[in-house]
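Position 15 of the sequence shown, counting from 1, maps to 149 under this note's numbering, and the rest follow consecutively. The next block holds one structure in the form of structure tokens; read it before the comments.
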Amino acid sequence: MSPYEDGILRSLRRISRAIDLHSRQLSSRVGLTGPQLVCLRHVERQGAMTPSQLAREVHLSQATVTGILDRLAAAGWVIRTRSEIDRRRVTVALTDAARSLLLRAPSPLNDRFLRRLAALPEEEQATIQRTLETVVQMMDMTMLEEPPVVIEPTLPPSVEEASRLLSVTAIAAPGDESEVTK
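Take a look at the structure:
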């Protein structure tokens, strides 16, 4: 047993716990899960795309992205459009309400973490990225060949409900006094 195993395991658990906590805060603030927000942000940046393109880009399974898009469409955040040329081809685009939501929605990553990361020299940021990529590869390459299936149990809020949530709630990162919960 390596003298580093316990420390590495503790650090990975703490990272996992922090991500889980941020995801719960994100859900209570905006009413979206992390994967839903990631999909919306990606379509915002890249423009309309097919569900399979989105699945590849966000590294989730096609089935998971289809479920996410079903819930986002039902809530009025995305629209699906069939191609006039090939009726089998469907593209997904954001609604105006989703664009408005994304202007106010937090990052899928903890804001305090992002501020601290941005404050590091670029070479240190690159080192962190390379190290995390190494950890991902070490965890199990065979698992990562197939995108993970993410269980999406909740329907995102309607446009009206999300607007209400955003107008009433703000999240503070643990130990961060710069943001206050109303």
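Positions of the beta carbon are idealized from the N, C-alpha and C atoms, including for glycine.
Query: Cβ distance (whole Å) where L146 is taken to contact V177 below 8 Å; Result: Not quite, the Cβ-Cβ distance comes to about 31 Å (not below 8 Å), so this is no contact.
Query: Residues that V192 bridges to, as DSSP identifies them; Result: Its beta-bridge partners do not exist; DSSP assigns none.
Query: G210 vs A231 beta-carbon contact at 8 Å; Result: yes
Query: G141 burial status per 10 Å Cβ neighbour count (16 or more: buried); Result: exposed
Query: Span of the alpha helix (DSSP H) around A232; Result: 230-238
Query: R205 in three-state terms, based on DSSP; Result: helix
Query: Residues of its chain near Q263, where Cβ-Cβ distance is below 8 Å and the 5 sequence neighbours each way are ignored; Result: none
Query: Any 3 or more C-beta pairs closer than 8 Å across the stretch 161-174 and the stretch 233-242; Result: yes
Query: Pair within 8 Å by beta-carbon distance, P240 and V172; Result: no
Query: N-terminal and C-terminal residue of the beta strand (DSSP E) that I213 is part of; Result: 212-216
Query: Alpha carbon of A152 to alpha carbon of Q170, nearest angstrom; Result: 18 Å
Query: Distance, A207 Cα to R216 Cα; Result: 14 Å
Query: Contact set for T225: own chain, Cβ-Cβ below 8 Å, skip 5 residues either direction; Result: A182, M183, T184, R214, T215, S217
Query: Classification of H156 by the beta-carbon crowding that lies within 10 angstroms, buried from 16 upward; Result: buried
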